[in-house]
Every structure is written in structure tokens, then in C-alpha cells.
Amino acid sequence: MSVSPSPFLVSPSLHISSPKINLEGEIFLPSSKSESNRALIIQALCEKKCSLMNLSEARDTKILQRLLAQFRDIEEQEEDIRSQAKGRSADDVSLDLTLDVKDAGTTMRFLTAFCTIKNHPTLLKGTDRMHQRPIKELVLALRELGAQITYQKEDGFPPLFIHGFSPEAQKQSISIQGNISSQYISAVLMIAPLLPKGILLEIIPPVSSEPYIKMTLELMQYFGILHSWTENRIIIPHQQYSANQYKIESDWSAASYWYSMAAICSKSELFLRGLREKSWQGDNRIVKMMKGLGIRTYYEKDGVRLQKTSSRRSPFKYDFTPCPDLAQTMAVLCAALGVEAHMTGLHSLKIKETDRLTALKIELAKFGAEIEIINDNALHIPVCELHAPTEPLQTYHDHRMAMAFAPLALLFPITIDSPEVVQKSYPSFWEDMQKMGFRVK
Numbered sequence: 190m191s192v193s194p195s196p197f198l199v200s201p202s203l204h205i206s207s208p209k210i211n212l213e214g215e216i217f218l219p220s221s222k223s224e225s226n227r228a229l230i231i232q233a234l235c236e237k238k239c240s241l242m243n244l245s246e247a248r249d250t251k252i253l254q255r256l257l258a259q260f261r262d263i264e265e266q267e268e269d270i271r272s273q274a275k276g277r278s279a280d281d282v283s284l285d286l287t288l289d290v291k292d293a294g295t296t297m298r299f300l301t302a303f304c305t306i307k308n309h310p311t312l313l314k315g316t317d318r319m320h321q322r323p324i325k326e327l328v329l330a331l332r333e334l335g336a337q338i339t340y341q342k343e344d345g346f347p348p349l350f351i352h353g354f355s356p357e358a359q360k361q362s363i364s365i366q367g368n369i370s371s372q373y374i375s376a377v378l379m380i381a382p383l384l385p386k387g388i389l390l391e392i393i394p395p396v397s398s399e400p401y402i403k404m405t406l407e408l409m410q411y412f413g414i415l416h417s418w419t420e421n422r423i424i425i426p427h428q429q430y431s432a433n434q435y436k437i438e439s440d441w442s443a444a445s446y447w448y449s450m451a452a453i454c455s456k457s458e459l460f461l462r463g464l465r466e467k468s469w470q471g472d473n474r475i476v477k478m479m480k481g482l483g484i485r486t487y488y489e490k491d492g493v494r495l496q497k498t499s500s501r502r503s504p505f506k507y508d509f510t511p512c513p514d515l516a517q518t519m520a521v522l523c524a525a526l527g528v529e530a531h532m533t534g535l536h537s538l539k540i541k542e543t544d545r546l547t548a549l550k551i552e553l554a555k556f557g558a559e560i561e562i563i564n565d566n567a568l569h570i571p572v573c574e575l576h577a578p579t580e581p582l583q584t585y586h587d588h589r590m591a592m593a594f595a596p597l598a599l600l601f602p603i604t605i606d607s608p609e610v611v612q613k614s615y616p617s618f619w620e621d622m623q624k625m626g627f628r629v630k
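If you read the sequence shown in the numbering used here, its first letter stands for residue 190, the second for the next number, and so on.
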């Protein structure tokens, strides 16, 4: 029996408003997309069965699941052919394989490394926007490790054809720039134990999104992988993943939108289920950020409880290098609260789903906020008083644009175009807003 899609995800736009100024209730947050995607790759690399619980329902994770299943099916078909034709080598049997990642950037990066270590000729492609997102540093690193990868169109960008892996061409020691994408580093780290010589990886500073690298290593360690990380060097010997079971934590990035709503409300008390005090997710930094804006976090057995304790308006300063996915949430919130903000460490925002810096500037201007982009790396948001927008908000095919601006419905009725973008990480977001008393239609 097929499930009908949410009406919120098939509508060309949503009109959102709030009849109340207080927010109380419980939210069942989606599972962490970041943890889910890493755990799925590790599961696929493990020779024995690994059990994963509470996997994300996000579109990106479902795409990765589907493509890994497609890869397994091809491997099984090839094995059947070999068993029926004894004497034929692995090189004699290689079925065509094309994997379409759509707009899932993490999936593109992780599968590029995964298909390399699996040594199967594979075409990796995606949407037009995906073909504009750079992947050069990852390809260079994998080539140093023995990968044979060719660009199908423009050098440095997908689509890619992965021919296979040549152990004789392998280097053990490689380096990767740390300020482009931590996902390049995570992609290489996850296949490192299966390399004949392991790896000695030097990360060239500065390092962006370091918590995501730590998350990758923590998950690998949970599944039996030993490593050492000293200064900018990570060493992983040749070894095998161990079978284990793991329950994915709820998503701190998703939690940030509810923190934002709690800060805008006159009074708020929310329980966010599934979050942990000892989390591997870097976006749990939202706790400290919001404490300075009057929101206290209380850790309980099954999640966290938020309470608004004050309405502080002191200037906000933060370096988002470790947690760039929180930048849109905080930029919109500071504008809403009339808090001056200086936000740095934003260089990676230009190569996300959209140019997030420019998108923020354009959409906040619709509310009367004049923000300044500084050197493609920082934002200055002056104290301002917002007014109701006179035109719909654009999402730029970016899930975080939609969810970062949604809390402004507590101040004014707003219209958001292309609301289906939230499927990428938080498919039930609009339903959850409706359950909390928002008018969504």
C-alpha cells in the first residue's frame, strides 16, 4: 500500500502564521542525517552484519540507502555469473553501474570513496547543481591512494567515472586541505582501514567543520577501528570493521529551528526527544549560543528541555567554522530579535545547496534587514526592526533556508515557496509546526 505524500510537500508554496506567542509541547526530532550516512557507509564496508536503529528518514539518507542497495545487487549478480561460469576471474565479469545521487552532496562524496575501495567501475552523477559543486580535492586524494577516476565533463566537478583501484600505485601518506569540506576527509577516513597499508593523513589547516571529522572517527571506533590523531595527523592502520549495533541520535541541526522559535516567543518550554548530552554532533553548540540569548537547556533521560528564562539582547559574536549549518538559523534569529551579530567562519556557505550568504542577504532584505557580507566569509547584522514581507520567501532549493526563516511566522504571516525542500533533512517539519499550533496551509 503506497503512502500519500504530505500535502505540504506537494504544494508550490505554504502560508504560515501563528495565533499565539507562547510555545509549549514535545517534538519528535528526525534522526541525524550526518550520523546515519556515515553509519550506512560503515555498515556497507563491514564484512559481518551491522544493525542500525533509528536511521534518518531524510531524502539524502534514503538516496544513499537505495544506491548502496543497488551496489549490493550488482555485486550479487556478478557473483552469480561467476559461479555459473567457473574459471572466469573478477575482471571478466563487470556489469555496468550508474549511481545517481540527485542533489545529495554527502552521498556523492562518500560514494566516490566507497566505489573506489570496492574496485567496481561506476559512473557517479547528480543534478545540475551537484555538477557545479567541487570535488577536486577528494579526487586528488583518492588518486594518490591508487584510485583511477576520470571527470566526465568539467575537471574538478561531477559526474565522475570510477574505473577502480590500483594497489601498486598507492601511497600511504597523503594530505588534504582542511578548509574546503570535512566530508572529503570523512570519505577517505572511512575507507582507510581497508587500504592495504592503511593511511597517514595530514590535514592542512585551517580545518572547517572539525566536529564532523571527530564524529566519523568516533563512529569508526565504535565499530572496532583503531586510530590516532595527533595535531594535524591521523593514522589508521589496515584492519577490519567489527559487527555491532548502533542507535542513531536525533538531529541537533533540526533542533536549532526549535531553539530559534523558543527564543522569539514571549514564553516557551519545549521537550526535544532523542538528543544526548554527550553527542558526537558539532551542532550541539546551539546550546551555548542560545544560552546567551536567554534559552536554557536541561538534559533529561530521553532528550532535552528548553525554557526561555530571559530576553537578553547583548551583541552576538561567533565563529561558525566548526558548525556552518547553524549559521542561517542564527542570522535570521539575530535579525528577528534586533540583536547585532558578527558571524565569521562562513566560507563554506557559498558552495552548499545554494550560495547561502547571498540568499540570506536577499531574503532578510524582504523583512527590512540590511546585512553585510564581508570577504565571502563573514556577516554583519546591524540592530534592526523587521517588518512583514510583501512577497514570498525563496528557498533556493535549500532545506536550511526554508527552516531557518520559518520561525519568523511567530512575528508575521509569511509565504515560503518550494516547501518540499525540507525533505532533504526534516520531512515532517511542516507537520511538526502545525502540531505546535502554527497555521500552515
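We put the CB at the ideal spot given by N, CA and C, even for glycine.
Simplified DSSP state of residue i, which is helix, strand or coil
{"i": "glycine 481", "result": "coil"}
{"i": "tryptophan 469", "result": "coil"}
{"i": "histidine 320", "result": "helix"}
{"i": "threonine 419", "result": "strand"}
{"i": "histidine 531", "result": "strand"}
{"i": "arginine 628", "result": "strand"}
{"i": "lysine 314", "result": "strand"}
{"i": "glutamate 215", "result": "strand"}
{"i": "tyrosine 435", "result": "strand"}
{"i": "leucine 327", "result": "helix"}
{"i": "alanine 558", "result": "coil"}
{"i": "methionine 190", "result": "Low local confidence applies: a pLDDT of 39 at methionine 190 is under 50, so the model's placement there is unreliable, with the coordinate-based value given in what follows. DSSP places methionine 190 in coil when its eight states are reduced to three."}
{"i": "arginine 298", "result": "helix"}
{"i": "glutamine 631", "result": "Since the displayed the chain opens at 190 and closes at 630, residue 631 lies outside it and no answer follows."}
{"i": "aspartate 662", "result": "What the structure shows of the chain is the stretch from 190 to 630, and residue 662 is not part of that stretch, so it cannot be assessed."}
{"i": "alanine 520", "result": "helix"}
Candidates the options, of which the one nearest residue i by Cα
{"i": "alanine 598", "options": "Leu582, Gln517 and Ser370", "result": "Leu582"}
{"i": "arginine 422", "options": "Pro394, Glu407 and Pro201", "result": "Pro394"}
{"i": "methionine 379", "options": "Gln410, Gly353, Asn211 and Leu349", "result": "Gln410"}
{"i": "methionine 631", "options": "Ser207, Ile231 and Thr543", "result": "With the chain covering 190 to 630 only, the question about residue 631 has no answer from this structure."}
{"i": "isoleucine 437", "options": "Phe197, Leu241 and Cys235", "result": "Leu241"}
{"i": "glutamate 224", "options": "Leu600, Gly471 and Lys630", "result": "Gly471"}
{"i": "lysine 342", "options": "Glu268, Pro400 and Phe350", "result": "Phe350"}
{"i": "leucine 253", "options": "Lys539, Ala274, Leu313 and Ile210", "result": "Leu313"}
{"i": "lysine 360", "options": "Gln372, Phe346 and Ala336", "result": "Ala336"}
{"i": "serine 503", "options": "Val528, Gly413 and His204", "result": "Val528"}
{"i": "leucine 256", "options": "Lys238, Lys237, Leu244 and Leu229", "result": "Leu229"}
{"i": "arginine 589", "options": "Gln372, Leu546, Tyr373 and Val290", "result": "Leu546"}
{"i": "serine 617", "options": "Ser206, Ser245 and His204", "result": "Ser245"}
{"i": "glycine 345", "options": "Gly353, Glu326 and Leu300", "result": "Glu326"}
{"i": "glutamine 517", "options": "Ala567, Pro196, Tyr487 and Tyr488", "result": "Ala567"}
{"i": "alanine 381", "options": "Thr305, Thr579, Pro578 and Asn564", "result": "Thr305"}
{"i": "glutamate 391", "options": "Pro385, Ser417, Leu383 and Leu384", "result": "Ser417"}
{"i": "threonine 301", "options": "Val396, Phe354, Glu559 and Met532", "result": "Phe354"}
{"i": "glycine 492", "options": "Pro219, Thr250 and Val396", "result": "Pro219"}
Alpha carbon of residue i to alpha carbon of residue j, nearest angstrom
{"i": "asparagine 368", "j": "proline 323", "result": "13 Å"}
{"i": "valine 192", "j": "glutamine 366", "result": "Its pLDDT being 45, under 50, valine 192 is placed unreliably in this model, and the coordinates cannot settle the point."}
{"i": "tyrosine 615", "j": "isoleucine 363", "result": "36 Å"}
{"i": "glutamate 215", "j": "phenylalanine 460", "result": "5 Å"}
{"i": "phenylalanine 556", "j": "valine 629", "result": "20 Å"}
{"i": "alanine 432", "j": "serine 607", "result": "41 Å"}
{"i": "asparagine 226", "j": "threonine 296", "result": "8 Å"}
{"i": "alanine 376", "j": "leucine 234", "result": "12 Å"}
{"i": "lysine 497", "j": "asparagine 473", "result": "18 Å"}
{"i": "phenylalanine 217", "j": "leucine 575", "result": "31 Å"}
{"i": "phenylalanine 627", "j": "isoleucine 605", "result": "14 Å"}
{"i": "lysine 307", "j": "lysine 222", "result": "23 Å"}
{"i": "glutamate 357", "j": "leucine 334", "result": "9 Å"}
{"i": "proline 134", "j": "proline 571", "result": "No information on residue 134 is available, as it lies outside the stretch 190 to 630 that the chain covers here."}
{"i": "tyrosine 340", "j": "tyrosine 373", "result": "17 Å"}
{"i": "tyrosine 448", "j": "valine 476", "result": "9 Å"}
{"i": "cysteine 523", "j": "cysteine 573", "result": "9 Å"}
{"i": "methionine 190", "j": "glutamate 620", "result": "The predicted model places methionine 190 with a pLDDT of 39, which falls under 50 and marks its position as unreliable; any figure quoted below should be read in that light. Each residue's alpha carbon lies about 22 Å from the other."}
{"i": "tyrosine 487", "j": "leucine 549", "result": "31 Å"}
{"i": "threonine 419", "j": "proline 426", "result": "15 Å"}
{"i": "lysine 456", "j": "serine 537", "result": "35 Å"}
{"i": "leucine 495", "j": "arginine 261", "result": "43 Å"}
{"i": "phenylalanine 412", "j": "glycine 534", "result": "32 Å"}
{"i": "methionine 478", "j": "leucine 286", "result": "45 Å"}
{"i": "glutamate 236", "j": "glutamine 428", "result": "12 Å"}
{"i": "aspartate 508", "j": "glutamate 267", "result": "50 Å"}
Integer Cβ distance of residue i from residue j, believed to fall under 8 Å
{"i": "arginine 332", "j": "glutamine 612", "result": "Rounded, the Cβ-Cβ distance is 34 Å, inconsistent with contact."}
{"i": "threonine 584", "j": "alanine 591", "result": "5 Å"}
{"i": "alanine 593", "j": "valine 521", "result": "5 Å"}
{"i": "arginine 318", "j": "histidine 586", "result": "7 Å"}
{"i": "phenylalanine 505", "j": "alanine 530", "result": "4 Å"}
Cβ-heavy atom distance, residue i to the ligand FMN, below 7 Å
{"i": "serine 457", "result": "Within the structure as shown, the ligand FMN is missing, as the structure has no ligands at all."}
> Touching or not, the segment 446-464 and the segment 473-485, by the rule of three or more beta carbon pairs under 8 Å?
Replying inline: For the pair of segments examined, the segment 446-464 was found to touch the segment 473-485: the number of CB pairs separated by less than 8 Å reaches three.
> Between the segment 462-476 and the segment 431-445, do three or more beta carbon pairs fall short of 8 Å?
Replying inline: yes
> Would the segment 265-273 and the segment 195-207 be scored as touching if the rule is three or more Cβ pairs under 8 Å?
Replying inline: no
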